[in-house]
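Enquirer: A single structure is presented below for examination.
So, in structure tokens, the structure goes:
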């Protein structure tokens, strides 16, 4: 599974990330992903007939994450070895998270998003065709 270990991965507005079936991305570090209303950052399946992709997971104890104008479609979560991420967006142990103006849709399995053990802000969210969501 790909892991992003850069000091600060930045994702530019208007970026489309096409995820293959069962593909997941683990981010270990500070994240800043700033889409815009007319140029959101989108995480999509490679095509409409493919099986669900896995998760975008943030694991960064003591770090911050900020994301806005994101669109998630077609993800499901990841389970393998000793790791399990039960949603297409999973955030664990990050100290300060702000997620705003995000849309989650067409989740076929598990939950759309999961935040555990963090101080967080989630605003202006939309869920379409989602089976479940969780905030612990």
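In the working numbering, the protein residues as written are 1 to 136. Ideal placement from N, C-alpha and C gives every residue a C-beta, glycine not left out. Treat the numbers as computed from the prediction; the structure is a model and nothing was measured.
Within a Cβ cutoff of 6 Å, which residues of the same chain sit near residue 77, ignoring the five residues on either side of it in sequence?
Expert: Contacts found: 55, 85, 86, 87 and 110.
Enquirer: Mind checking whether residue 52 and residue 34 have CB atoms under 9 Å apart?
Expert: No; because the gap between Cβ atoms is not below 9 Å, this pair is not in contact.
Enquirer: So, for residue 71: in the same chain, excluding its five sequence neighbours on each side, which residues have a beta-carbon less than 6 Å away from its beta-carbon?
Expert: Excluding sequence neighbours, residue 71 sits near 40, 42 and 103.
Enquirer: Can the beta-carbon of residue 19 be found closer than 9 Å to that of residue 75?
Expert: Cβ atoms of residue 19 and residue 75: closer than 9 Å.
Enquirer: Using the C-alpha atoms, what's the distance from residue 10 back to residue 64?
Expert: Taking the straight line from one Cα to the other gives about 13 Å.
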